[in-house]
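Colleague: One structure is given below, represented as structure tokens, and several questions about it will come after.
There are 2 protein chains.
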Amino acid sequence: MKNKHGKFQYIDLADKIQGQIESGTFKLTDKLPSLRTLCRQTGYSMTTVFQAYIELEKRGMVEPRQRSGYFIKARLNPMPASPVMTRHDIRPRKVTLDALIHELTRDMGNPDVLKLGAVAVAPEYLPFKQLHKHLKSIPPRKIPEVVAGYSPPQGNALLRDRISSLMFPFVPSVSNEDIVITNGCTEALSLCLKAVCSQGDTVITESPIDPWLRQTLRDSRIFAIETPTDPGSGIDLDAVEKILKKETVSACIVNPNFQNPLGFVMPDAHKERLAEMLGKKKIPVIENDIYGELYFRDPRPGPLKKWDTGGNVMYCSSFSKTLAPGLRVGWVLPGRFREKLIRMKLNRSLISPTLNQAVVAAYLKAGGFPRHLRQLRKIFSLQHTYCSAAVLRHFPDSIRLTTPKGGLSVWIELPRSVNGSEVYYRARKKGISILPGFLCSGLEKYNHYIRLGYGGLWDNRSEQAIGRIGSIIKDFL
Amino acid sequence: MKNKHGKFQYIDLADKIQGQIESGTFKLTDKLPSLRTLCRQTGYSMTTVFQAYIELEKRGMVEPRQRSGYFIKARLNPMPASPVMTRHDIRPRKVTLDALIHELTRDMGNPDVLKLGAVAVAPEYLPFKQLHKHLKSIPPRKIPEVVAGYSPPQGNALLRDRISSLMFPFVPSVSNEDIVITNGCTEALSLCLKAVCSQGDTVITESPIDPWLRQTLRDSRIFAIETPTDPGSGIDLDAVEKILKKETVSACIVNPNFQNPLGFVMPDAHKERLAEMLGKKKIPVIENDIYGELYFRDPRPGPLKKWDTGGNVMYCSSFSKTLAPGLRVGWVLPGRFREKLIRMKLNRSLISPTLNQAVVAAYLKAGGFPRHLRQLRKIFSLQHTYCSAAVLRHFPDSIRLTTPKGGLSVWIELPRSVNGSEVYYRARKKGISILPGFLCSGLEKYNHYIRLGYGGLWDNRSEQAIGRIGSIIKDFL
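So the protein lines, in turn, are chains B and V.
Here my numbering is used: the first residue of the first sequence is 579, the next is one more, and so on.
Here my numbering is used: the first residue of the second sequence is 579, the next is one more, and so on.
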């Protein structure tokens, strides 16, 4: 039978399947759908489908195997193993935010790029063996519940118990009911923003800020008042006070412990003053404490939430920097915005995956987390030293460098004539990625800054890469 | 040493820990933090912490175990096993949307309520044993990648390959790159909405609609034009045409296959006309196809996306109704809105959990999915018959009932004098939950309708529950 274009139906079907094979939808040695299945799926007759497979066999695309159906024989146009970016040139260009974000996004999960700008932790440092053990040891009777069931919208109660124990030293009044489990700290922060800000609103932030925050505020059409921020002690409280007198502000978003990218810890007195100042005016504070456990020296600094009296601070954190980013388990203490936040969570993602919550709860219950954190802190403290030493060795003498007290990043001021985005493009050509300071602010104030992260596996390759970045910077001088 | 209120520090600390034990943060037989840990966490001296533990031992709250530290001895106020809702009375009341949503939300994951209004699938019908097998058989060398790594923002490439194979019969041109993995269909739909609509915009929807959609539109301050919808063939296309002439519309949101709650399938000619009509005007269509595989009779109806020519249809689905709701693996084919959607995904949740994607990809690769779906279809087709028969047996003769062609719900028109929300409240007192039609529209048009779902385990208890609902309805007449 022919179709409306006068083509035999089986040729038409064979062409479609060939298109699929060539575009890589079916992979080499994949089994094709059975005749019966394809028949039912496409509505073509058994004969047509059979003829199409015979046709593909003739074309050398598929091969029948005894009693097993048809398999892909060879792919005509092999796809490259992973995206290769060859379109960079090193001439000056107009660097747009969108183009940069697009490039950085494309590199996420690309193993061929050495990501020296990221604040991610090398899998090698994470307790994946223990997590795997807990994953494997979920008792069969629990399986329906953890893979096939829904949980309460706030999340797994056992996990919330464990998190409230972790937070107890800093927020002794915290209970299980005060916690909402999220898809990582990203969702926690994003829900907080949605709960208290609308399009057109204004928020107070530090400066510089995490690029994720800058992009999210921009996409949500929320205005940020970037407030002067000291690399040693954090946001300028007098400046905040002045802003509050003049402007209508919907929220204040801060990262008081080991801020990304600066690495400072706000002194306790500052935290207390900020919590009080905003609490009095009932302006919600969104606190990102994702780096809180990654201190280089005892004791762990308390979160701003510690000084919150009226439920005004929305505290966000996750296990993505300490346990397993791929599990996407974060949490929020939404304070007085609890009901609203749970509702936003329902609207956006219903619940968090039950399996992931169960695995993290089992890991925490087993009790190895404090010891693992101690190891992690030692590693990052050491790697920070290596990273800073390499920068001082290879970069020009005129640069300036933060001395973080924990966390995963250093912030580097280059000579004014050097554009961080240009350094990024040149380094990227050599397979190295850094973070241009440009992305950490809406003010175009940090064009000659870059962020480096030292949470990855630190080895000779890292040292060499720092050397290459150093040479690129020197080339610009 | 005493604190500023003149209380001994160790008494103060003991009180705080007791508060935690009583509120259930620590569970019976839990180990308490070691002296050293608590010391570091709280900043108290070793002696103070030790005294506090001795004090708690005196109070009978904790007990020391040789070489293992302190354990909780008994909880003073045992918590009830699960929330019990006793605050219903059966007098008429002002039913507000928020109150109803709040109640239904509280019942999610509450095993003591028979949820006859839900469109969820009983875990017993899902292939959790096979999923568990794949979970256990993840090779150790893969573990860093699947629990401790980040993936590309679009999601696991193998899973996207598998999904494109599933979609191939209907969207032959689909490739791996056209797919974005999401946290369930909820996130897929929510991201589509965010990508094409802003606060204050207007969208076209069916009527009635899924309560989730109604709530999300309301919370996002998006106006819905609920369009007349035939329980047999779906949204009225002439009505849509008229609306498009008069109104500025940002999107059209439809559920063409086995619509929730009505159960209809839009005829192919309708799908084609709708896709063409909106494509011409470049008004994006958001298609929910989550029930598409749950047909009672062959063949599977094609999605609206099949008739999309310009990438104008954003197709959303998930494995939550067929495989495992708790894994939260959904996907979207965002068409021409791909870049924007990926960016919204990054803003809201960064990536989807890598572990969950790997497990679903492994399950699909193993090849048992088509057979499982055939079983599932038989079960739901049968349960639909049981459910409808029970309704006809126990409800008054004057009701009307849809005859869905697939999916998980029936929609019931009660006599005009019967309020569905009142039926809900009375049934809930007996531990049965139904969905009042009130929640499926912003027009207060369906106050005398209810939705029942038949995806749960169907047994004598279900039949009895239908009988009880029938009696409640008859009481109102």
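Here a beta-carbon is modelled for each residue, glycine too, at the ideal position from N, C-alpha and C.
1) How is residue 775(V) classed by DSSP in three states: helix, strand or coil?
2) Can you grab the Cα-Cα spacing for the pair residue 1044(V) / residue 877(V), in whole Å?
3) Taking the alpha helix (DSSP H) that residue 1015(V) falls in, what are its first and last residues?
4) If you compare alpha carbons, which of 614(B), 958(B), 702(B), 736(B) is closest to residue 937(B)?
5) Have a look at 873(V), 793(V), 940(V) and flag the residue whose alpha-carbon is nearest the alpha-carbon of residue 956(V).
6) Can you tell me which of the three DSSP states residue 628(V) falls into?
7) Candidates 941(B), 792(B), 680(B): which alpha carbon is nearest residue 1018(B)'s?
8) Do the CB positions of residue 855(V) and residue 882(V) come within less than 9 Å of each other?
9) Rounded to whole angstroms, how far is the Cβ of residue 1015(V) from the Cβ of residue 786(V), which I believe are closer than 8 Å?
10) By the DSSP assignment, the alpha helix (DSSP H) with residue 999(B) in it spans what residues?
11) Which term fits residue 1040(B), buried or exposed, when burial requires 16 or more other beta carbons within 10 angstroms of its beta carbon?
12) What did DSSP end up calling residue 740(V) once you bin it into helix, strand or coil?
13) Mind pulling the chain B residues with CB within less than 9 Å of residue 619(V)?
14) Using a Cβ-Cβ cutoff of 7 Å, what residues of the region 751 to 774 of chain B are near chain V? List them in chain order.
15) With a threshold of 9 Å between beta-carbons, can residue 1054(B) be considered close to chain V, or not?
16) Would you say residue 917(B) faces chain V, with C-beta separation under 9 Å as the test?
17) Between residue 871(V) and residue 900(V), is the Cβ-Cβ spacing less than 9 Å?
18) At a CB-CB cut-off below 9 Å, which residues of chain V make contact with residue 945(B)?
19) My output table needs one value for residue 609(V): the three-state DSSP class, helix, strand or coil.
20) Are the beta-carbon atoms belonging to residue 761(V) and residue 701(B) less than 9 Å from one another?
21) Could you tell me which chain B residues have their CB closer than 8 Å to the CB of residue 728(V), listed as they occur along the chain?
22) Could you work out which residue in 623(B), 611(B), 625(B) is closest to residue 641(B) when comparing CA atoms only?
23) Determine, using beta carbons only, whether residue 731(V) and residue 923(V) come nearer to each other than 9 Å.
24) Run the proximity test for residue 890(V): is its beta-carbon closer than 8 Å to any non-hydrogen atom belonging to the ligand GDP?
25) Compare the Cα-Cα distances from residue 1038(V) to each of 968(V), 942(V), 1023(V), 771(V) and report the closest residue.
26) Check residue 1025(B) in the structure and name its three-state DSSP category.
27) Could you tell me the alpha carbon to alpha carbon distance between residue 713(V) and residue 704(B), rounded to whole angstroms?
28) In terms of residue numbering, what span does the alpha helix (DSSP H) encompassing residue 941(B) cover?
29) Using the rule of at least 16 other Cβ atoms within 10 Å of the residue's Cβ for burial, across every protein chain shown, is residue 666(V) buried or exposed?
30) Are the Cβ atoms of residue 835(V) and residue 861(V) separated by less than 9 Å?
31) Please list, in chain order, the chain V residues whose beta carbon lies closer than 9 Å to that of residue 721(B).
32) Taking a contact to mean a Cβ-Cβ separation below 9 Å, would you say residue 763(V) touches residue 868(V) in this structure?
33) Does any CB atom of chain V fall closer than 9 Å to the CB of residue 653(B)?
34) At what residue ranges does the region 677 to 731 of chain V contain a whole run of the alpha helix (DSSP H), taking only runs of 4 or more?
35) Would a C-beta distance cut-off of 9 Å place residue 800(B) and residue 778(B) closer than the cut-off?
36) Return the CA-CA distance between residue 842(B) and residue 728(B), expressed in angstroms with no decimal places.
Modeller: Reading off the structure:
1) The sequence position of residue 775(V) within the second sequence is 197, counting from 1. Here residue 775(V) sits in coil by DSSP.
2) Here residue 1044(V) refers to the residue found at position 466 when the second sequence is read from its first residue. Here residue 877(V) refers to the residue found at position 299 when the second sequence is read from its first residue. About 31 Å.
3) Indexing the second sequence from 1 puts residue 1015(V) at position 437. Run containing residue 1015(V): none; DSSP gives neither H nor E here.
4) On the first sequence, residue 937(B) is found 359 positions in, with the first residue counted as 1. The residue with the shortest Cα to Cα distance from residue 937(B) is 736(B).
5) Against the second sequence, residue 956(V) aligns to sequence position 378. That would be 873(V), whose Cα lies nearest to the Cα of residue 956(V).
6) On the second sequence, residue 628(V) is found 50 positions in, with the first residue counted as 1. Residue state, collapsed to three classes: helix.
7) Against the first sequence, residue 1018(B) aligns to sequence position 440. Closest option to residue 1018(B), Cα to Cα, is 792(B).
8) In the second sequence, the residue the question calls residue 855(V) occupies position 277. In the second sequence, the residue the question calls residue 882(V) occupies position 304. Cβ distance not < 9 Å, so residue 855(V) and residue 882(V) don't count as in contact.
9) For the purposes of this step, residue 1015(V) is identified with residue 437 of the second sequence, where counting begins at 1. For the purposes of this step, residue 786(V) is identified with residue 208 of the second sequence, where counting begins at 1. At roughly 7 Å, the Cβ-Cβ gap stays under 8 Å, so residue 1015(V) and residue 786(V) are in contact.
10) By 1-based counting over the first sequence, the position of residue 999(B) is 421. Segment 998 to 1007, the alpha helix (DSSP H) holding residue 999(B).
11) Here residue 1040(B) refers to the residue found at position 462 of the first sequence. It is buried - the Cβ of residue 1040(B) has at least 16 other Cβ atoms within 10 Å.
12) For this step, residue 740(V) is matched to residue 162 along the second sequence. Helix.
13) As a first step, residue 619(V) must be located in the second sequence, where it is residue number 41. By Cβ distance, chain B contributes 746, 747, 748, 877, 878.
14) 753, 754, 761, 762, 764, 765, 768
15) As a first step, residue 1054(B) must be located in the first sequence, where it is residue number 476. False, the Cβ-Cβ gap to chain V never drops below 9 Å.
16) Within the first sequence, residue 917(B) is the residue found at index 339, counting from 1. Yes, contact with chain V.
17) For the purposes of this step, residue 871(V) is taken as the residue at position 293 of the second sequence. For the purposes of this step, residue 900(V) is taken as the residue at position 322 of the second sequence. Yes. Within cutoff.
18) On the first sequence, position 367 is the one that residue 945(B) refers to. Neighbours of residue 945(B) on chain V, chain order: 609.
19) Here the question's residue 609(V) lines up with position 31 in the second sequence. DSSP places residue 609(V) in strand when its eight states are reduced to three.
20) Counting from 1 along the second sequence, the entry for residue 761(V) is found at position 183. Counting from 1 along the first sequence, the entry for residue 701(B) is found at position 123. Contact: no.
21) The residue given as residue 728(V) occupies position 150 in the second sequence. Within 8 Å Cβ-Cβ: 686, 687, 698, 903, 904.
22) Along the first sequence, one-based indexing puts residue 641(B) at 63. Here the closest residue by C-alpha is 611(B).
23) The count along the second sequence starts at 1 and reaches residue 731(V) at position 153. The count along the second sequence starts at 1 and reaches residue 923(V) at position 345. Yes.
24) As presented, the structure is devoid of all ligands, the ligand GDP included, so that no description of it is given.
25) Indexing the second sequence from 1 puts residue 1038(V) at position 460. Here the closest residue by C-alpha is 968(V).
26) Working through the first sequence from its first residue, we reach residue 1025(B) at position 447. Residue 1025(B) falls in the coil class under three-state DSSP.
27) Here residue 713(V) refers to the residue found at position 135 of the second sequence. Here residue 704(B) refers to the residue found at position 126 of the first sequence. Taking the straight line from one Cα to the other gives about 19 Å.
28) Translated into positions along the first sequence, residue 941(B) becomes position 363. Per DSSP, residue 941(B) belongs to the alpha helix (DSSP H) from 932 to 944.
29) As a position in the second sequence, residue 666(V) is number 88, starting the count at 1. Below a pLDDT of 50, predicted positions are generally treated as unreliable, and residue 666(V), at 34, falls in that range; no measurement from the model is reported.
30) Counted from its first residue, the second sequence places residue 835(V) at position 257. Counted from its first residue, the second sequence places residue 861(V) at position 283. No.
31) As a first step, residue 721(B) is located in the first sequence; it is residue number 143 there, counting from the start. In chain order: 701, 706, 707, 709, 710, 713.
32) Along the second sequence, one-based indexing puts residue 763(V) at 185. Along the second sequence, one-based indexing puts residue 868(V) at 290. Their beta carbons are under 9 Å apart, which means residue 763(V) touches residue 868(V) by this criterion.
33) In the first sequence, the residue the question calls residue 653(B) occupies position 75. Note that residue 653(B) scores a pLDDT of 42, beneath 50, so its modelled location is shaky and nothing firm can be said.
34) 706 to 714, 721 to 726
35) Locating residue 800(B) in the first sequence gives position 222, counting from the first residue. Locating residue 778(B) in the first sequence gives position 200, counting from the first residue. Taking 9 Å as the Cβ cut-off, residue 800(B) and residue 778(B) qualify as a contacting pair.
36) Locating residue 842(B) in the first sequence gives position 264, counting from the first residue. Locating residue 728(B) in the first sequence gives position 150, counting from the first residue. Rounded to whole angstroms, residue 842(B) to residue 728(B) spans 40 Å at the Cα level.
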